[in-house]
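Note sheet for the following structure.
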Amino acid sequence: MRILVSNDITNEIRNVMLPPGKNPIRIGSAASCDVVLRSNMIPEQAAAISNQGDGKGWRFWPLYDGCVVDEQLLMVQRPVAVRHQLALQLDPYTLTIYLDVRDELAPEEQRQRSLDDRCGGLVNEVHRQLLRVIQSSSSSSDLDDESLSDDYLLRLEQSIEELATKFSDLPKDDFTQTDAGDRFAGQLLRSRLLRKLVDQSAIGDALTQQNVTPWALLRTLKPDLEREIEVVAATIQSRIGLEAGKDMSREVGKLEREFWPVWRECKETLRLDVRRYMGFAQLKKEIKDIWYGLGPLEDLLENPTITEIMVNDADNVFIEKDGVIENSGRRFVKDLNDIIQRIVTRVQRKIDTSTPMVDARLADGSRVNAIIKPLTVRGPCLTIRRFPQRVMKCDDLIQRGALTPSAKDFLRACVLLRSNILVAGGTGTGKTTLLNAISEFIPDKERILTIEDTAELRLAKSHVVGLETKQKNVEGQGGVDIRMLVKNSLRMRPDRIIVGECRGGEALDMLQAMNTGHDGSMTTIHANTPHDVVLRLEVMVQQNADSQLPVLSIHRQVASALDLIVQLQRETIADPLRPGEKLHRRIVSEIVEVVDLDIENGGLYLKPIFRRRPDGRLLPTGFLPTFVDRLLTEGGLDLSLFLDIEGTGRR
């Protein structure tokens, strides 16, 4: 914890760094206080900051009647919760509290985080010494056959074990008699249980099978010890109550919450040689992840509940899980710049001071954005957007409450009738997921062209051609943007064109493609409402250097090209299984038809076909689409689908 102390009279400012574990923290004019405020106006013991381990976190306790928070005078002995950058007034001082991630943890969590730090220190030292022992171009993104051979990997693992023994300052046989050694062993077991959950949920679905990287296989594997590990893994799985095939998010959450207490009980049943083997196996895995892979990100990428990884800098790696952002506690041992170079060069992209930001993708399709100095202040920043391990279908969206059966039937009929569909929503609302889902309704015989900045779409179709933009070279030549790909796609005999996202001048080319015989095309756009979609399209078409169209002509293009806008948004609801907890989910909030120009009011006339009610139900509005006759005769729909505006199922 750090407290910034500012004297409002003299303008003197000083930083007070509190040692880790200091609790309580005393504030006052006495020299014995942890935060000394020299003033006759402040008593010797003015206040205290403490964490009583009751789950309520840090609290500020005023001990006299001169403490003010948010312009509110505090009552003596009536505490207030401490949040990051909380400003306290103790006249004539202002104290601003800066919480470290450990300050927000319970004592047991602090102990676990301390163990993680010690394990990280050992990994750091072993990696540093390993670079001296083994000659390897560990910064290279291209792995040669020799560096992945069994002999090389065997020597690497043996070197890791020898160095770990040396720098743990313990005899070889006693490595796992330390808390840090047991922490490594527990991490190995937890990772295996997580992978087991993922694998068992992915049976029969080739798209969800995780590829095991060549360096991940243990060359020093001992089958007899592995069998004992499987027994204790099954015991812990039973104790925690993990069930494959259940809701993945809840099962993974249960594993993360309950694993460590159960592990501390079960580890006592394991022989020391088994625990030692497990500890070294995990250490070897972490070093090889740094040597060949993405370092601490490898473990995060194995967790299917993590949807976003945000690396602010080498010491601050945040994740989004179930819609909640939290600090992962991971740190980079290897230079983050090297990791970024490894990612972008594998997809033939580049990043340097002349082009300091780049979009790329990982092997599993995750979207990557990297930005470095001089555009960043503190160093390189990396953001990874992850997609579901399994391509979600409309039935999955219905199960999650994002869609309704009637809305699914309507979208299916519209896709079959070759309606041009635009999916709109803010960041992280699931636009790409929905686009993947409704593409399942496209007939298999049709030829589909996908055009993206970074390939993310995973269409479960056989006749798909994927196109991806190309960056300019070091001379500033050879770049190919989405506009050029859209124009070229028209010469490739597409039945449908799917543009991953319209964000610039390519919007005009997409609209023209929809207007020139490529019905049934789809795209996505960032917009918060259907009316915002029209405004965004206006701006993007005007960004096209070849276009000098007036607004009315743009509206005519949009009205002629688009048939439907599917609006997505994120909402927060109460968790029915965990009182007091919140769930974040992505939902279809509205489906509207783009009818025609609105001559009287300007703009376009948008007719809502489905709209989400205040009670959360996505129901028909009662309005009939202008092409309802085709929906009934060719789309296989019944008129009653549009008349069930109460959602009762009774027409």
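Numbering (the working numbering), first residue to last: 690 to 1340. Note that the Cβ used here is the ideal one computed from N, Cα and C, for glycine as well. Computed from a predicted model, the values in this text were never measured in an experiment.
Look at the alpha carbon of Gln899 and the alpha carbon of Gly870, and state the distance between them as a whole number of angstroms. Looking up residue 899 in the sequence shown gives position 210. Looking up residue 870 in the sequence shown gives position 181. Per-residue confidence for Gln899 stands at a pLDDT of 48, beneath the threshold of 50, marking its modelled position as unreliable; no derived number is given.
As a quick exercise: from Asp1198, Gly1189, Cys1191, pick the residue whose alpha carbon is nearest that of Lys1176. The sequence position of residue 1176 within the sequence shown is 487, counting from 1. Looking only at Asp1198, Gly1189, Cys1191, the smallest Cα-Cα distance to Lys1176 is reached by Asp1198.
In whole angstroms, give me the CA-to-CA distance for Asp969 and Val1047. To locate residue 969, count along the sequence shown from 1; it is residue 280. To locate residue 1047, count along the sequence shown from 1; it is residue 358. Looking at the sequence provided, one finds Phe at residue 969 rather than Asp. When rounded, the separation of the alpha-carbon atoms in Phe969 and Val1047 is 37 Å.
If I measure Cβ to Cβ from Ser829 and keep anything under 7 Å in the same chain, skipping five residues before and after, which residues do I get? In the sequence shown, residue 829 corresponds to position 140, counting from 1. The pLDDT assigned to Ser829 is 42, lower than 50, so where the model puts this residue is not dependable; a value taken from the coordinates is nonetheless given after this. Same-chain partners within the cutoff: there are none.
Here's the rule I'm using: 16 or more other beta-carbon atoms within 10 Å means buried, otherwise exposed. How should Pro860 be labelled? Your numbering for residue 860 matches position 171 in the sequence shown. With a pLDDT of only 45 at Pro860, under the threshold of 50, the placement of this residue in the model should not be trusted, and no figure is reported.
Quick check: what's the CA-CA separation for Leu877 versus Met967? Numbered from its first residue, the sequence shown carries residue 877 at position 188. Numbered from its first residue, the sequence shown carries residue 967 at position 278. Taking the straight line joining both Cα atoms gives about 7 Å.
Does the segment 1055-1070 come close enough to the segment 1092-1105 that 3 or more CB-CB pairs lie under 8 Å? Verdict: no, contact absent.
On a CA-only basis, which of Lys1134, Arg1147, Arg1136 is nearest Leu1123? Give me that one, please. What you label residue 1123 is simply residue 434 of the sequence shown in a count that begins at 1. Closest option to Leu1123, Cα to Cα, is Arg1147.
Would the beta-carbon of Phe1299 fall within 8 Å of that of Thr1310? Mapped onto the sequence shown, residue 1299 falls at position 610. Mapped onto the sequence shown, residue 1310 falls at position 621. Cβ distance < 8 Å, so Phe1299 and Thr1310 count as in contact.
Is Gln1037 helix, strand or coil when you go by DSSP? Within the sequence shown, residue 1037 is the residue found at index 348, counting from 1. The answer is coil: DSSP assigns Gln1037 none of H, G, I, E or B.
Spatial neighbours of Gly1292 within its chain, please: CB distance less than 7 Å, with the 5 preceding and 5 following residues excluded, ordered by chain position. As a working mapping, residue 1292 is identified with position 603 in the sequence shown. Hits under 7 Å: Val1223, His1244.
With a cut-off of 8 Å on the beta carbons, I'd call Glu1129 and Glu1141 a contact; round off their distance for me. Here residue 1129 is taken as the residue at index 440 of the sequence shown, counted from 1. Here residue 1141 is taken as the residue at index 452 of the sequence shown, counted from 1. Not confirmed; about 19 Å, so no contact.
Pair within 8 Å by beta-carbon distance, Ser739 and Asn712: Within the sequence shown, numbered from 1, the residue matching residue 739 stands at position 50. Within the sequence shown, numbered from 1, the residue matching residue 712 stands at position 23. Going by C-beta atoms, Ser739 is nearer than 8 Å to Asn712.
Val941 and Leu986: beta carbons closer than 8 Å? In the sequence shown, the residue the question calls residue 941 occupies position 252. In the sequence shown, the residue the question calls residue 986 occupies position 297. In this structure, the beta-carbon distance from Val941 to Leu986 does not fall below 8 Å.
Under the DSSP definition of a beta bridge, which residues are partnered with Asn1026? Residue 1026 sits at position 337 when you count from the first residue of the sequence shown. Paired residues: none, contrary to the question.
What residue range does the alpha helix (DSSP H) around Glu1157 cover? Your numbering for residue 1157 matches position 468 in the sequence shown. Note, Glu1157: premise wrong, no alpha helix (DSSP H); beta strand (DSSP E) at 1153-1157.
Using only alpha-carbon positions, find the residue among Ile849, Arg928, Asn700, Pro1094 that is nearest to Leu882. Locating residue 882 in the sequence shown gives position 193, counting from the first residue. Nearest in C-alpha terms to Leu882, of all of Ile849, Arg928, Asn700, Pro1094, is Arg928.
Between the CA atoms of Leu784 and Ile698 - distance to the nearest angstrom: For the purposes of this step, residue 698 is identified with residue 9 of the sequence shown, where counting begins at 1. For the purposes of this step, residue 784 is identified with residue 95 of the sequence shown, where counting begins at 1. CA-to-CA, the gap between Ile698 and Leu784 works out to about 14 Å.
Go through the segment 1044-1091 residue by residue and report every complete run of the alpha helix (DSSP H) that reaches 4 residues or more, in order. Uninterrupted alpha helix (DSSP H) stretches at least 4 residues long and entirely within the segment 1044-1091 occur at 1083-1088, given in chain order.
Quick one: residues in its chain with C-beta nearer than 8 Å to the C-beta of Val1281, no 5 flanking neighbours on either side, listed in chain order? In the sequence shown, the residue the question calls residue 1281 occupies position 592. Non-local beta-carbon contacts of Val1281 in its own chain, meaning distances under 8 Å to residues more than five positions away in sequence, involve Pro1219, Leu1253, Ile1254, Gln1256, Leu1295, Lys1296, Pro1297, Ile1298 in chain order.
Rounded to whole angstroms, how far is the Cβ of Arg1185 from the Cβ of Ile1110, which I believe are closer than 8 Å? On the sequence shown, residue 1185 is found 496 positions in, with the first residue counted as 1. On the sequence shown, residue 1110 is found 421 positions in, with the first residue counted as 1. That belief does not hold up - the Cβ atoms of Arg1185 and Ile1110 are roughly 10 Å apart, past 8 Å.
If you compare alpha carbons, which of Gln741, Arg715, Lys1039, Thr1034 is closest to Gln734? In the sequence shown, counting from the first residue as 1, residue 734 sits at position 45. If we check each option's Cα against that of Gln734, Arg715 comes out closest.
Range covered by the beta strand (DSSP E) that runs through Gly1119: Within the sequence shown, the letter at position 430 stands for residue 1119. In the DSSP assignment, Gly1119 falls outside any beta strand (DSSP E) and carries neither an H nor an E.
Can you give me the C-alpha to C-alpha distance between Lys911 and Trp904, rounded to a whole angstrom? Residue 911 sits at position 222 when you count from the first residue of the sequence shown. Residue 904 sits at position 215 when you count from the first residue of the sequence shown. One C-alpha to the other measures close to 17 Å.
Looking at the structure shown, is Lys1134 part of a helix, part of a strand, or coil, going by DSSP? Mapped onto the sequence shown, residue 1134 falls at position 445. Secondary structure at Lys1134: coil, using DSSP grouped into helix, strand and coil.
Residue burial classification, Gly1209 (beta-carbon count within 10 angstroms, cutoff 16): Within the sequence shown, the letter at position 520 stands for residue 1209. Per the 10 Å Cβ criterion, buried.
Which residues does DSSP list as the beta-bridge partners of Phe1299? What you label residue 1299 is simply residue 610 of the sequence shown in a count that begins at 1. Listed as beta-bridge partners of Phe1299 by DSSP are Ile1280, Pro1309.
Can you say whether Arg772 is buried or exposed, counting buried as having 16 or more other CB atoms within 10 angstroms of its CB? The residue labelled residue 772 in the question sits at position 83 within the sequence shown. With fewer than 16 other CB atoms across the displayed protein chains lying within 10 angstroms of its CB, Arg772 is exposed.
Taking Val1392 and Ile976 to be in contact with their CB atoms under 8 Å, please state how far apart those CB atoms are, rounded to whole angstroms. Outside the displayed range of the chain (690 to 1340) lies residue 1392, so it cannot be described from this structure.
Along the chain, where does the alpha helix (DSSP H) containing Thr1143 start, and where does it finish? Translated into the one-based positions of the sequence shown, residue 1143 becomes position 454. Thr1143: not part of any alpha helix (DSSP H); DSSP gives it neither H nor E.
So, does the segment 1009-1023 touch the segment 1032-1039, judging by three or more C-beta pairs under 8 Å? Fewer than three pairs of CB atoms, one per stretch, sit closer than 8 Å, so the segment 1009-1023 makes no contact with the segment 1032-1039.
Measure the beta-carbon distance from Ile1029 to Leu1092 and round it to whole angstroms, keeping in mind my assumption that it falls under 8 Å. Within the sequence shown, residue 1029 is the residue found at index 340, counting from 1. Within the sequence shown, residue 1092 is the residue found at index 403, counting from 1. Separation of the CB atoms of Ile1029 and Leu1092 is rounded to 37 Å, and the pair is thereby denied contact status at 8 Å.
Going by DSSP, what residue range makes up the alpha helix (DSSP H) through Trp952? Along the sequence shown, one-based indexing puts residue 952 at 263. In the DSSP assignment, Trp952 falls within the unbroken alpha helix (DSSP H) covering 937-955.
Local Cβ density within 10 Å of Glu957, reported as buried at 16 or more and exposed below that: By one-based count along the sequence shown, residue 957 stands at place 268. Counting C-beta atoms within 10 angstroms of its own C-beta, Glu957 has fewer than 16 neighbours from the protein chains shown and is therefore classed as exposed.
Should Arg736 and Trp750 be called a contact, given that it needs their Cβ atoms to be closer than 8 Å? As a working note, residue 736 is residue 47 in the sequence shown. As a working note, residue 750 is residue 61 in the sequence shown. In the sequence as presented, Arg is not what sits at residue 736; that position holds Ala. Contact flag set, yes.
DSSP state of Tyr753 mapped onto helix, strand, coil: Taking the first residue of the sequence shown as position 1, residue 753 is located at position 64. Correct three-state label for Tyr753: coil.
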